[in-house]
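Data first, discussion second: the structure below is written as structure tokens.
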Amino acid sequence: MTMKRWIAIIVAAVLIFISVGVNSLSYIFTRDVNGFLEQMGATNNAYSEKVIEQGTNRDRIAVLKLDGVIQDVGSSIFATTGYNHQFFMSQLNDVLNDQSVKGVILSVNTPGGGVVESSDIYDSIREIQIEKEIPIYVAMGGMAASGGYYVSAPAEKIFVHPETITGSIGVIMESINYSKLAEKYGIDFNTIKTGPYKDIMSGSREMTKEEHNMLQEMVNDSYERFVGIVAEGRNMSTEAVKKVADGRIMNGRQAIESGLADEVGKLGDVIDAIKADYKLEGATVFEYAPMDSFASIFGVNVGNLFGRNVESELIGKLLSDYDAPRMMYLYGEK
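Numbering (our numbering), first residue to last: 3 to 336.
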């Protein structure tokens with residue numbers, strides 16, 4: 003090997019060694035400190051309330067921001083600021099149990115994400131609507147696609163920006179088949195399994211037709227649930243929904259024309275609309291603001307240490323995440 007390649011290997015090894023060491027120390031420290039905080043009544047997903055508009059009475063409107071890919075990835079030293087599933091679910095639970103909250107605005111900016119996580123959010127939104135009988139309005143940002151639309155569908159009103167990318171109603175499940183590449187370079191795979199389908203969607207071999215049919219049936223089931231949720235939430239027939247539920251994306255105008263959205267408006271317009279529609283002119287409007295956790299602080303520090311580049315992101319992913327193929331309500335690359 004050339005000297006340049008040896009240097010690259012040594013640098014990569016050092017980075018991995020440092021990463022593992024810092025990750026271990028962070029885990030021990032974060033576990034102990036967070037355990038103490040839990041005993042004191044605090045949690046790692048603690049947050050405060052930030053007033054957006056001060057009202058004149060005790061009624062309140064909660065603004066919940068759903069920003070980023072909808073995934074429950076847990077806590078990691080390499081985690082960056084973004085969507086936190088447990089934090090968001092905690093907000094929904096607080097809204098459910100807060101008698102002063104008379105309305106909710108869901109600010110959505112996401113390409114979607116996991117099937118299960120999207121379903122979690124949807125179920126909580128429906129519980130709030132049924133148990134509290136309060137309105138939920140949606141303010142779509144730059145993107146509210148696939149799972150982002152899934153969680154928006156039950157809202158009483160959906161507002162879009164003219165340039166919002168939404169729609170993408172459908173389900174995707176994919177993996178990489180690198181068997182031919184491995185064959186080209188003489189790489190063999192030794193797989194020991196307990197059944198013929200245990201390594202289904204493995205990248206080391208071609209998928210069989212029978213396996214494809216099995217997975218297609220699973221995807222179809224999730225798709226039908228998605229269509230049903232949109233049909234119920236938008237008061238449309240399943241046939242009408244399926245005319246646009248082919249994975250296509252659309253802008254704000256197209257969404258309104260197809261029945262998937264109601265009006266054009268930004269967050270301020272949505273606040274004014276829910277106040278006027280439900281006689282909440284005197285309500286205080288607030289949002290939940292996350293407090294820094296130890297995990298997020300370490301994540302930022304490590305990100306600065308290694309630099310936000312492909313190598314550090316890859317190391318972090320290898321150390322913190324086993325990314326098996328799964329069904330996603332997701333537009334764009336995973």
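The beta-carbon is built from N, C-alpha and C at its ideal position, and this holds for glycine as well.
Straight-line Cα distance separating residue j from residue i
i, j, result
"I167", "T193", "42 Å"
"A272", "G249", "According to the sequence as given, residue 272 is Val; it is not Ala. In a straight line, the C-alpha of V272 is about 27 Å away from that of G249."
"D96", "E234", "26 Å"
"V246", "V140", "20 Å"
"I2", "E265", "The structure shown does not extend to residue 2, since the chain is modelled only from 3 through 336, so no value can be given for it."
"V173", "I12", "42 Å"
"I63", "G254", "25 Å"
"L321", "M175", "Its pLDDT being 42, under 50, L321 is placed unreliably in this model, and the coordinates cannot settle the point."
"E135", "Q256", "30 Å"
"G267", "K244", "26 Å"
"G105", "E241", "31 Å"
Closest by C-alpha distance to residue i, when choosing among the options
i, options, result
"E283", "E51, S50, E55 and D190", "E55"
"T112", "G149, Q88, K134 and P156", "G149"
"I1", "D190, A155 and G334", "Because the chain here runs from 3 to 336, residue 1 falls outside it and cannot be looked at."
"Y180", "P198, M203, I276 and K195", "M203"
"M293", "R62, E129, N86 and V65", "N86"
"Y49", "V65, S92, I138 and I72", "S92"
"A184", "M175, Y199 and G205", "G205"
"R328", "D74, K52 and Y290", "D74"
"E51", "Q218, V287 and M330", "V287"
"L94", "V153, V53, T58 and R60", "V153"
"E212", "M238, G261 and Y199", "Y199"
"D100", "Y151, H214 and R60", "R60"
Where residue i falls: helix, strand or coil (DSSP)
i, result
"R1", "Outside the modelled stretch of the chain, which goes from 3 to 336, sits residue 1, for which no answer is possible."
"K52", "strand"
"L68", "strand"
"E283", "coil"
"E265", "strand"
"I251", "strand"
"E289", "strand"
"V337", "As shown, the chain starts at 3 and ends at 336. That puts residue 337 outside it, with no answer to give."
"F191", "coil"
"K244", "helix"
"I258", "helix"
"M330", "strand"
"K182", "helix"
"K159", "strand"
"V304", "Bear in mind that a pLDDT of 46 at V304, under 50, signals an unreliable position, so the number given afterwards is only what the model happens to contain. Helix, per DSSP."
Proximity test, Cβ basis, 8 Å: residue i and chain B
i, result
"L262", "The structure shown contains no chain B; it is built from a single protein chain."
Cβ-heavy atom distance, residue i to the ligand GTP, below 7 Å
i, result
"G84", "The ligand GTP is not among the ligands present in this structure, which contains no ligands whatsoever."
**OP:** For the stretch 133-145 and the stretch 154-172, state whether three or more C-beta atom pairs, one from each stretch, are separated by less than 8 Å.
**Re:** Yes: at least three Cβ pairs fall under 8 Å.
**OP:** Count the C-beta pairs between the stretch 61-71 and the stretch 96-111 that are closer than 8 Å, then say yes if the count reaches three, no if not.
**Re:** Flag = yes, the stretch 61-71 and the stretch 96-111 touch.
**OP:** Just list the beta strand (DSSP E) runs in the stretch 209-242, keeping only unbroken ones of 3 residues or longer that don't cross its boundaries, in chain order.
**Re:** none
Original post:
What are the uninterrupted segments assigned as beta strand (DSSP E) that are 3 or more residues long and contained completely in the stretch 96-153, given in chain order?
Top reply: 103-112, 114-116 and 138-147
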